[in-house]
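Step one of this worksheet: look at the structure below.
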Amino acid sequence: MLPYFCVMQRDSQIFNLIDKELERQRNGIELIASENFTSLQVMEAMGTVATNKYAEGYPGKRFYGGCEVIDEIETIAINRLKQIFDLGWANVQPHSGSQANTAVFLACLKPGDKILGLNLSMGGHLTHGSPANFSGKNYQALFYGVKKESGLIDYDQMEATAVAEKPKMIICGASAYSRDWDYKRIREIADKTGALVLADIAHPAGMIAKKLLNDPFEHCHIVSSTTHKTLRGPRGGIIMMRRDFDNPFGIKDPKGNLRPMSAVLDLAVFPGAQGGPLEHVIAAKAVAFGEILTEEFTVYAQQIINNARAMAKAFVKRGYNLISNGTDNHLMLIDLRNKNLTGKKAQETLDKAHITLNKNAVPFDDKSPFVTSGIRIGTPAVTTRGMKEEHMEPIVEMIDRVLSDIENEKQIKEVKDQVRQYMRQFPLYPELV
Ligand code: DSN
C-alpha cells in the first residue's frame, strides 16, 4: 500500500487560486506599506518538513523528543537576529507582531495597569491600546497623538500624560507615521515617570537594521517587531533587547522567583501566550535574517527611503497634502480632503487599476475608519521589484490620473493596462511558472 500522501489528489482548487494570486501580485503595483515580497528561499524554507515538528519550549529545553535539528535552526535564527541589531537577547517564536506585543504585555503588566501609546486614529496600532483589541480591554489605555499643525509626534503631550497618569508602560511605534522617532526623549519621559518603554518597530525595522533610522535599542527597554514588512521575511513576530535587565515590576516566575526580563519574556511567549512555535516560519526567519546581514540588503533599505522621498516629492508637486509634508522612512500618509475624495473611494478605484494601497485615517479625521480621509502608501514592495527613484514619478502619475477623474471607467481601464505593461520591466518570481 502506498503511503497516504502519494494517493492524495492534488488540491487544484486551492493551487489554481494560489496561481491566480501570483498573477495578481505580478501584474499590479503593490504600495501597501506593510507588505513586501520575500525571496524564493524564504518561501521555500516555509514550505518544508519543519512544519511537521512540535517543539514547545526553547532550544535545549523542549517538551518533545526529536528536536535536535529544530534546535539548530532556531538557534541560528536567534543568533542572526542578535547580530543584526547587536542584541543581548531575542525571542523568534511569536507567531505575529500582535502575539509579540501580547507576550510583552503579559510579562510586564497586570490586568488594569495603565499603558500609554500612540492613538490608532493618529497612526498607532491596534495592539497599542485600541478599545477593540486585548490591549485596550485588559489594560487602561491612555494615548498621545501628533500635533495638528506639523503632523509630528506630540512629545509634550506624551510627557504631560505620563507625568499625570504614571503609566506602567509607554509604547512608541506606529503603523502610519512617516517620520523618525525621538527614542531618547521617550526614555527620559519614562525615567521621570517610572515607566518601561516598548518600541514596536514593525514598520521601520529594515531601515533600523541598517542604521538608516534612529536606534531604539539604546533607549527602549524592549523592542518588538514583525518580520514580514521592511525586514522582508516570512509573516511573523520577534521580541528583542540589547541589554537584559532586572524585572522592574517584580513579576515572578511560576516558582515564585524574581528573574531577569529575558527569562520573564521567554516564559510569556511560551507557555504564556503561545504553544508550539511555527518552526517552518522560524526557519524562514533565519533565512531572511541571513539576507539582512548582507551588503545587498543595506542597498535595498537605502533605496526604500530614496524611493519614498522621490514619491513624496512627486505627490506634493501635484498638490497632494502629505501629513508632515514628507517622509523619513518607507511610507507617506496623504490627506485627500483637498481633492474631495475619501480614502475608501480612492482605494477601491485604484484597486480597479491594479494599484494596491490602503485607506487610512489621517490625524484629526472627521470620517469613520471604514471611510477615512486618507491613503497610506509605502515603497518596500516596489523597491524589492527593482524600482528606483526615476520609477516613482510614473507611478504617481498613474495614481493621479485615476484620482483626478475617479468616475472615468475608460481611463481606469487604460491605467490598468498601463500598470500591467509597466510592471513587465520588474519581473516577480520568474522562476515560478
Ligand atoms: N496591519 C499592519 C499594517 O498594515 O500596518 C500593522 O499590523
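Just so we're aligned, residue 0 is where the sequence shown starts under our numbering, counting upward by one. All C-beta atoms, glycine included, are put in the ideal place defined by N, C-alpha and C. Here the structure is a predicted model, which is why all the values come from computation and not from measurement.
Going by C-alpha to C-alpha distance, which of the options sits closest to residue i?
{"i": "residue 132", "options": "283, 97 and 105", "result": "97"}
{"i": "residue 239", "options": "223, 230 and 229", "result": "223"}
{"i": "residue 231", "options": "32, 397 and 27", "result": "32"}
{"i": "residue 406", "options": "349, 419, 378 and 357", "result": "349"}
{"i": "residue 413", "options": "374, 401, 104 and 149", "result": "401"}
{"i": "residue 322", "options": "150, 28 and 118", "result": "150"}
{"i": "residue 342", "options": "310, 373 and 324", "result": "373"}
{"i": "residue 384", "options": "289, 368, 18 and 28", "result": "28"}
{"i": "residue 21", "options": "9, 36 and 8", "result": "36"}
{"i": "residue 184", "options": "356, 177 and 214", "result": "214"}
{"i": "residue 420", "options": "196, 353, 392 and 303", "result": "353"}
{"i": "residue 202", "options": "186, 179 and 220", "result": "179"}
{"i": "residue 365", "options": "207, 73, 60 and 120", "result": "120"}
{"i": "residue 261", "options": "90, 399, 17 and 233", "result": "90"}
{"i": "residue 329", "options": "315, 344 and 306", "result": "306"}
{"i": "residue 315", "options": "18, 170, 210 and 334", "result": "334"}
{"i": "residue 106", "options": "246, 298 and 169", "result": "246"}
{"i": "residue 327", "options": "241, 87, 309 and 163", "result": "309"}
Under 8 Å from any heavy atom of the ligand DSN, does the C-beta of residue i make it?
{"i": "residue 96", "result": "yes"}
{"i": "residue 367", "result": "no"}
With DSSP collapsed to three states, give me the class of residue i.
{"i": "residue 121", "result": "helix"}
{"i": "residue 386", "result": "coil"}
{"i": "residue 270", "result": "helix"}
{"i": "residue 62", "result": "coil"}
{"i": "residue 174", "result": "coil"}
{"i": "residue 139", "result": "strand"}
{"i": "residue 110", "result": "coil"}
{"i": "residue 259", "result": "strand"}
{"i": "residue 225", "result": "strand"}
{"i": "residue 56", "result": "strand"}
{"i": "residue 320", "result": "strand"}
{"i": "residue 293", "result": "coil"}
{"i": "residue 299", "result": "helix"}
{"i": "residue 36", "result": "coil"}
{"i": "residue 2", "result": "coil"}
{"i": "residue 7", "result": "coil"}
{"i": "residue 217", "result": "coil"}
{"i": "residue 405", "result": "coil"}
{"i": "residue 165", "result": "coil"}
{"i": "residue 129", "result": "coil"}
{"i": "residue 364", "result": "coil"}
{"i": "residue 279", "result": "helix"}
{"i": "residue 393", "result": "helix"}
{"i": "residue 205", "result": "helix"}
{"i": "residue 400", "result": "helix"}
Considering only DSSP beta bridges, list what residue i is partnered with.
{"i": "residue 88", "result": "240"}
{"i": "residue 332", "result": "375"}
{"i": "residue 145", "result": "152"}
{"i": "residue 198", "result": "171 and 222"}
{"i": "residue 116", "result": "142"}
{"i": "residue 245", "result": "259"}
{"i": "residue 358", "result": "374"}
{"i": "residue 28", "result": "354"}
Check whether the Cβ of residue i lies closer than 9 Å to any Cβ atom in chain B.
{"i": "residue 313", "result": "Considering every chain present, this structure includes no chain B. It has just one protein chain."}
Is residue i close to the ligand GTP? I mean its beta-carbon at under 8 Å from any heavy atom of the ligand.
{"i": "residue 276", "result": "The ligand content of the structure shown is limited to the ligand DSN, which means the ligand GTP is not among them."}
If you measure from each residue's Cβ to the nearest non-hydrogen atom of the ligand DSN, which ones come out under 5 Å, in chain order? Chain-ordered list of matching residues: 33 and 174.
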